[in-house]
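Right, one structure below, let's go through it.
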């Protein structure tokens, strides 16, 4: 990836983000005109846990791994954020350090909107804060859902749900077989769920024995998505 997307593509993506939906075109133009576009290589650290964000980052192309370390030094993967996701919002609003570290999982193209540009627009158009509140509320619901899963659902159910989510955000479907390839390691899945790689391996081998998935080094293939779903992919409602 060595070229930038055209301005219309950038403007379209900004407009599609939840917090910007319904913003007047002239304000979206202002954000786009004062934004910057960055290219980053796989493995680049975009924002570190404990660092204050200097602006909003929107993923235009690629994927970002969102992680955090516990006080005991255990790595936890919160999610893989695909194109169209935004991060840095809370840190920009309250001025406090980021809770997570954001690392390029693939080559990336990012849109960066400086804090002062974003906050100046909100200061001049206070009614737009409603969009921010709705976005934060949706994130809060996702957090509550994740906590509910941790408390009340078994590891096998949570693992299958993560695999199903990854088929939607990161899966590559083979046009001939219909199989869905997901680039993810067993260690990463363990960090998602707070368990060891060995525990994840045992669960995955069970799914492989059922012919629901196939395992390869650093990736897996979903062979029978409908069988995996089987009621396990539903999100708890909060």
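In this note's numbering, the protein residues as written are 261 to 498. The beta carbon of each residue, even a glycine, is placed where N, CA and C say it ideally should be. Computed from a prediction, not measured in an experiment: that's the story for all the values here.
At which residues does the beta strand (DSSP E) containing residue i begin and terminate?
i           : result
residue 361 : 361 to 364
residue 277 : Per DSSP, residue 277 belongs to no beta strand (DSSP E) and is neither H nor E.
residue 315 : 315 to 321
Tell me whether residue i is buried or exposed, calling it buried when 16 or more other Cβ atoms sit within 10 Å of its Cβ.
i           : result
residue 448 : buried
residue 266 : exposed
residue 418 : buried
residue 451 : buried
residue 428 : exposed
residue 446 : buried
residue 348 : buried
residue 283 : buried
residue 319 : buried
residue 465 : exposed
residue 402 : exposed
residue 295 : buried
residue 305 : exposed
residue 361 : buried
residue 485 : buried
residue 463 : buried
Could you spell out the range, first to last residue, of the alpha helix (DSSP H) harbouring residue i?
i           : result
residue 290 : 285 to 294
If you draw a straight line from the C-alpha of residue i to the C-alpha of residue j, how long is it?
i           : j           : result
residue 374 : residue 413 : 40 Å
residue 336 : residue 315 : 24 Å
residue 476 : residue 323 : 21 Å
residue 435 : residue 344 : 24 Å
residue 422 : residue 328 : 18 Å
residue 490 : residue 277 : 31 Å
residue 456 : residue 379 : 42 Å
residue 206 : residue 365 : For the chain, the structure presents residues 261 to 498; residue 206 sits outside this window and is missing.
residue 367 : residue 340 : 14 Å
residue 369 : residue 293 : 17 Å
residue 288 : residue 433 : 34 Å
residue 460 : residue 301 : 29 Å
residue 493 : residue 431 : For residue 493, the pLDDT reaches just 44, beneath the cut-off of 50, and the residue's location in the model is therefore unreliable, although a value from the coordinates is still provided. If you take the alpha carbons of residue 493 and residue 431, they lie about 16 Å apart.
residue 331 : residue 479 : 30 Å
residue 458 : residue 388 : 48 Å
residue 350 : residue 326 : 15 Å
residue 396 : residue 443 : 29 Å
residue 468 : residue 474 : 5 Å
residue 437 : residue 333 : 42 Å
residue 399 : residue 356 : 18 Å
residue 268 : residue 472 : 41 Å
Quick check on residue i: does DSSP put it in helix, strand or coil?
i           : result
residue 272 : helix
residue 495 : Any reading at residue 495 is ruled out, since the residue's pLDDT is 42, under 50, leaving its predicted position unreliable.
residue 483 : coil
residue 467 : helix
residue 308 : coil
residue 476 : strand
residue 398 : helix
- Task: Taking only runs that begin and end inside the region 325 to 396, name each unbroken beta strand (DSSP E) of 3 or more residues, in chain order.
- Result: Counting whole runs of 3 or more residues, the region 325 to 396 contains the beta strand (DSSP E) stretches 335 to 342, 361 to 364 and 368 to 374.
- Message: To test your reading of the DSSP string, which unbroken beta strand (DSSP E) runs of 3 or more residues are found completely within the region 401 to 458?
- Response: Runs of the beta strand (DSSP E) inside the region 401 to 458: 440 to 442.
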